[in-house]
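2 protein chains.
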Amino acid sequence: MTLRKDLRRVLAPRSIAVVGVSTNPGGFGGATIERLADFSGPLYRVNPRYAVIGDQPCWPSVSALPEVPDCVVIATGRDMVEPIARECADLGVGGVIIYASGYAEVSGGDGAALQERLTELARTSGMRIVGPNCIGVQNFTLAANITFHSRTMLRDPAPHAIGLVSQSGALGNALTQAVESGMQISHALASGNSCDVDAADLVTFLAGEPSCRAIACLFEGMAKPARMIEAARIAWAAGKPLVIYKIASSQQGAAAALSHTGSLAGSHAAYRAALERHGAVLVDDLEALLETAAFFAKVPPATADGVAVIATSGGASVICADKAEIQGVALPQPGPEAQAILNANIPDFGSARNPCDVTAQVINDPQSLIACIEALFADPVYGALVQANPYASAVTLPRLDVLGTKARAAGKAACWVSFSGWLDGPGLIEAERNPDVALFRSFDRCFAALAAWHWRSARLIAPTEDVPWQADAATRAAVASQISAAGLCLTEREAKAALAHYGLPVVEEALVQSAEEAVAAARRTGYPVAIKVESPDILHKTEAGVLALNLGDAAQLREAYAMVWANALKVAPSERLNGVLVQPMIPQGIELMIGVKVDPLFGPLLVVGFGGILVELLRDTALMPAPVSRGEALGMLTRLKGAALLKGFRGMPAVDLDRLADVIVRAGAFAADHAEAISEVDINPLICAGERIVAVDALILRAEQAAPHNIQDVVET
Amino acid sequence: MTLRKDLRRVLAPRSIAVVGVSTNPGGFGGATIERLADFSGPLYRVNPRYAVIGDQPCWPSVSALPEVPDCVVIATGRDMVEPIARECADLGVGGVIIYASGYAEVSGGDGAALQERLTELARTSGMRIVGPNCIGVQNFTLAANITFHSRTMLRDPAPHAIGLVSQSGALGNALTQAVESGMQISHALASGNSCDVDAADLVTFLAGEPSCRAIACLFEGMAKPARMIEAARIAWAAGKPLVIYKIASSQQGAAAALSHTGSLAGSHAAYRAALERHGAVLVDDLEALLETAAFFAKVPPATADGVAVIATSGGASVICADKAEIQGVALPQPGPEAQAILNANIPDFGSARNPCDVTAQVINDPQSLIACIEALFADPVYGALVQANPYASAVTLPRLDVLGTKARAAGKAACWVSFSGWLDGPGLIEAERNPDVALFRSFDRCFAALAAWHWRSARLIAPTEDVPWQADAATRAAVASQISAAGLCLTEREAKAALAHYGLPVVEEALVQSAEEAVAAARRTGYPVAIKVESPDILHKTEAGVLALNLGDAAQLREAYAMVWANALKVAPSERLNGVLVQPMIPQGIELMIGVKVDPLFGPLLVVGFGGILVELLRDTALMPAPVSRGEALGMLTRLKGAALLKGFRGMPAVDLDRLADVIVRAGAFAADHAEAISEVDINPLICAGERIVAVDALILRAEQAAPHNIQDVVET
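Just so you know, the sequences run in chain order A and B. First residue of the first sequence: 1, per our numbering; consecutive thereafter. First residue of the second sequence: 1001, per our numbering; consecutive thereafter.
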């Protein structure tokens, strides 16, 4: 038996059989047959109870068919599913689609076990299984509407069509209805319970389909996030823009997802970082999912970061300026040549600057608008032109054609923003269908998409393919054995020693057993010093009162020594106190933290943020799955809201970003190398001033240990 | 001549004349006549060149009409406008609407002067003038479509209609087109150049109109923000929800607005604070403006903060949970009675919790959905029910009716979220028209509206009508004379003395002239101390090196004294150095700042935020026009992102919020009392720990002085 893994036979079939068709046109089978009316290949009805249905022959079984069909729809109740699926697998069917519910989505009962048997069948036979508990798939390029549910159909999608993947059938159906408003969609694929084919498979399939120019994907979680991350990598490599809306991004959303489908939502920040690493564009709502994907399907890569705005309404141009600023999209002024043309064509009650208000006079003088559009496209400062036509009106139709024609000639992007309460009014369907003009029904979404386009275009030009740094084998082995020899929680001294092996800069320190030894150590490093009791039993030194800072001389040091030791004895027995660490006080600087949390779904996640209480509260952190490259480490620093602090602020020296990135890269390598052995690393504070970057405290928890506090809590969500 | 100020005659006319009608039906006059076809009152055509137009009589002038019309549309070119307007004013016309452009929107030329003459005419005659440079107004309750532009018409708007005000004609037109999708609108009023009637007048007019239940207003700026703020107060007093989208909220948006209409955008944060003070709901995009206003027009005040979600799709319920969390809307679990009914009616592959997934089985068993809806409405924990029906389908129509009926019976709010790519598909227009169900085409907007509804409902129940604190007359006079006697910049010592008059707690200090005097002063207050050179020439003490902190003993103090004095002499002549301030070091606490900036449009604005470099960079501030009441001061503190810091964090004591609010109230009174004399106040840091709240530094600039740094820069925008 050969393994048939390719999805083409089930998603782009030459022949289809529907098992469980009855004479009831409203049943699952009958509804599927109805929606397949335009399918041009052989379509077989299968049901042992009928010889004919209407005027069409009906076959008793899949085995009895005159050919082995590419795709079999199992439209029966749950009990009959498995034998039919096995029959199909034995025959060599390409794939089956299973509608029935009552599988893993039901808690308790035998549903999960039954689904597991289907998974095993797919694995051993290689026959692909879509579902169970799914509404089916639609391949509009073949009129293959293999679904009992969606009534949306589209003949001959345009070359700028997008492919749609949705874990949720109902939401996928809702998105597909955009076809009714002119959206061009090549495929609408719902994965249901994903016993075999999941959303990542469907994205990967679409990445190879020339009939779609971009992919829109909605999902709530994956048991193995790495599958979707790999799909993103494949889509990027295929040059196919991938726009993702990951739902269940909140705590209560994740709880709802777990309750509904058993999906583990996973860390939203980790998904975002991992998917963006491969060039996927993440959006935060359904509306943006479709418009952004359709935009990417129409526009070439950006040739310049500047965007020109042309509007027939002053108010619309003001909103464009507002939204561009929010999204960080630059609206530079035109060069002298374009400026001269604007001046000559825009009346004095308009505005011949960017954003341009050409005013409603273009109704009387359409040629003036064309001249302005040409001039703006010709200006090398602009890579895109946004034309705002706030209301729907047939009068705008010729303008739409002009915009598209000029955009194509210039090889630049054109956006048509038509906020109109009349959602399907004249001009809107036409804009959706225009191959060279991206339609937005929202100013926010237009400028957010432009910002994402700039980001993705920059990645196309200069891919950050730098390879993460690796420690040598001896270092890895030494640290591994150090960790395995330690207690469940490494002491500060142990943790810093382990990190120092990876080249992380840690504060120098001496472990002493008496006040006099402490004084001697302080004499060597110089005052002021800090002292901390070293014990595996004391994780939170401030709270336990076993830490003293800024000790200026021997007298202060002796006094503090007595105090911290006495406090330590209140919380731990003396045999668990290893001594006292003496460290020089590190002069003031920007305090950062580097954390690692080993996530059950994602593996090691690296978190970088500002240290100190205020910023921890404000949750200014950046996250990446470890390991990270140098470019990614720099990117994490750039994403911090307080990034400007690193560049020097109020007299503090600028932090050496190259050196800081190097420290982050090494922490990432540490996390990746020891992900099995540890659960958490917390380097906090990392004091940074110019080139001087020093970890003053560090904590490492081994994998067996439940985390006493949760780095996730400070992750931006 | 009596002054006719009432807007009713022009906006709800019994008779209309259109001056400048020609035989060209596409001209401004002809188009207006066409759109008034359904107007039931007398409609007069006026043009001296015609006796009849078509089969209708045409009159040579307004004076020649058989009656004085309520409303006259001047549809002529600019040159003929003023004589006609004067004729109308002399006759006692209620108001005129002027389409012509070429007035204040054109920079240079005589446009501004011509508009000023129209303003003067309105002022002296009391005849109201709408425009110039406007597209007209539509009063759908009278079929009075007094416009050359909009083709949108609506007969007999429903009682849940909203009234619409837009400064921009084109955007107003776009919004009005929502009528085509079922939105009920009573009036669509555009103010154009606002030589007399402005957006604030139009809001005030609608506040008194029983034909609209809520008001949606879009504007970009007002020369006198107080007018719009007063309109918000009137709308609140009339019980009319007011939803506002203030555009030109960004720096480049404000620049575009200035360029387009000469509007001063004004501080967005100040508008938001001042309008919210009167219960207006501010939104950030066009889409939210309409949906939020329509929502408020349909729902009763909230009886509980809990919201129940019911969906036929697991994915949709997950998105609801995500968006509710972002908006801070609680989705509590049902009480036992409701829970029992959910358990009995929701299949095991659904979810009988909040959010509920009743699954698509409701298609087969509609009664189960009805039972769940009834149970959720009956549960006192819920004030609103959100029903998510992601795709458009005729099958949902009976559900819509059920939802509305049950909501009305329960006296609770019902929202229908229908994200469908098919924007006008079955069920959507019906939902818009349903008087008891608010339609949202976005999950984000639904939960944002619910959050605003909770906020507004809480205000209805417990209005914060507390009166700001006032200083007595003697205090006001003393401070006024102190300020007028000072230099352009008050020294730290002068500023703190002035603020101390208003009861603001300032650090104790001594002004000394020698190191030995400093040592004596320090002996009185106790070490450690801080010293600062006092000079009107040195604003930024840190940068000038004339400040030393944490001096622990007399030796350190003497050394620091010499240093700061030497540094001071580098930047200012000795005769401008008043001496050195000696202050006790205030122990650690939360550092806040209180700022005042006298804004040219708004007057004194009070800003409260965290001090320290990090949070200044992160722009965590709250703003209010001064003076502020105690409740408003507490509200400002609550709005800070880092508000939790005030409640005790990592061992710091909770700040005494009552005492802190009192300090803010006093600062606000200071700002309001001396707004004419000062341009800026900066109290920073204000160190807070428990009850101990002390201003450690303060700066006051007099009005003549240009601000050396701009408090606006740190205002949240």
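Beta carbons are placed, not taken as given, at the ideal position from N, Cα and C, and that holds for glycine. Please read all numbers here as calculations on a predicted model, not as lab measurements.
Straight-line gap, residue i to residue j (C-alpha atoms, nearest Å)
| i | j | result |
| --- | --- | --- |
| Arg408 of chain A | Glu116 of chain A | 51 Å |
| Trp453 of chain A | Thr1141 of chain B | 46 Å |
| Gly1182 of chain B | Thr1176 of chain B | 11 Å |
| Ile1538 of chain B | Ala1677 of chain B | 21 Å |
| Met636 of chain A | Arg456 of chain A | 17 Å |
| Asp1713 of chain B | Lys641 of chain A | With a pLDDT of only 35 at Asp1713 of chain B, under the threshold of 50, the placement of this residue in the model should not be trusted, and no figure is reported. |
| Pro301 of chain A | Arg659 of chain A | 33 Å |
| Thr1359 of chain B | Arg1353 of chain B | 13 Å |
| Lys1224 of chain B | Asp1079 of chain B | 29 Å |
| Ala572 of chain A | Trp565 of chain A | 10 Å |
| Ala1515 of chain B | Arg1558 of chain B | 6 Å |
| Val1281 of chain B | Gly1208 of chain B | 18 Å |
| Cys415 of chain A | Glu180 of chain A | 21 Å |
| Thr1717 of chain B | Lys1597 of chain B | Confidence is the limiting factor: at Thr1717 of chain B the pLDDT is only 28, short of 50, which leaves the residue's position unreliable and the question unanswerable from this model. |
| Leu1423 of chain B | Ala1431 of chain B | 12 Å |
| Gly1020 of chain B | Asp1196 of chain B | 22 Å |
| Ala394 of chain A | Gly427 of chain A | 6 Å |
| Lys496 of chain A | Ala560 of chain A | 23 Å |
Identity of the residues DSSP links to residue i by a beta bridge
| i | result |
| --- | --- |
| Ala968 of chain B | The question about residue 968 of chain B has no answer here: the residues shown for chain B are numbered 1001 through 1717. |
| Ala384 of chain A | A:Val307, A:Ala413 |
| Phe1219 of chain B | B:Lys1246 |
| Ser1790 of chain B | No statement about residue 1790 of chain B is possible, as the shown extent of chain B runs from 1001 to 1717 and does not include it. |
| Leu275 of chain A | Partner(s): none; Leu275 of chain A has no beta bridge. |
Per-residue burial, residue i [other beta carbons within 10 Å of its own, 16 or more giving buried]
| i | result |
| --- | --- |
| Glu509 of chain A | buried |
| Gln167 of chain A | buried |
| Pro1157 of chain B | buried |
| Thr1032 of chain B | buried |
| Leu1397 of chain B | exposed |
| Glu704 of chain A | exposed |
| Lys647 of chain A | exposed |
| Pro1708 of chain B | The predicted model places Pro1708 of chain B with a pLDDT of 43, which falls under 50 and marks its position as unreliable; any figure quoted below should be read in that light. Its Cβ having fewer than 16 others within 10 Å, Pro1708 of chain B is exposed. |
| Met1 of chain A | Because Met1 of chain A carries a pLDDT of 42, less than 50, the predicted location of this residue cannot be relied on, and the following value inherits that uncertainty. Counting Cβ neighbours within 10 Å, Met1 of chain A comes out exposed, since fewer than 16 surround it. |
| Arg1123 of chain B | exposed |
| Val1546 of chain B | buried |
| Pro1048 of chain B | exposed |
| Thr1542 of chain B | exposed |
| Gly169 of chain A | buried |
Pair within 8 Å by beta-carbon distance, residue i and residue j
| i | j | result |
| --- | --- | --- |
| Leu551 of chain A | Pro528 of chain A | yes |
| Ala1695 of chain B | Leu1686 of chain B | yes |
| Ile1594 of chain B | Ile1483 of chain B | no |
| Arg1233 of chain B | Ile1162 of chain B | no |
| Ala188 of chain A | Phe295 of chain A | no |
| Asp1662 of chain B | Gly1690 of chain B | no |
| Pro332 of chain A | Leu342 of chain A | no |
| Asn1139 of chain B | Ala1012 of chain B | yes |
Under 8 Å from the C-beta of residue i: neighbouring residues of chain D
| i | result |
| --- | --- |
| Glu220 of chain A | Within the model displayed, chain D is absent; protein chains A and B are what it includes. |
For the segment 1382–1411 of chain B, which residues have a CB atom closer than 7 Å to at least one CB atom of chain A, in sequence order? Listed by position along the chain: Pro1390, Tyr1391, Ala1392.
So if I threshold CB-CB distances at 7 Å, which residues from the segment 557–588 of chain A count as touching chain B? Legend: CB atoms of the segment 557–588 of chain A lying less than 7 Å from CB atoms of chain B are not found in any residue.
Chain-ordered residues of the segment 161–190 of chain A with a beta carbon less than 8 Å from chain B: Within the segment 161–190 of chain A, the residues whose Cβ lies closer than 8 Å to some Cβ of chain B are Ser166, Gln167, Ser168, Gly169, Ala170, Leu171, Asn173, Ala174, Leu175, Thr176, Gln177, Ala178, Val179, Glu180, Ser181, Met183, listed in chain order.
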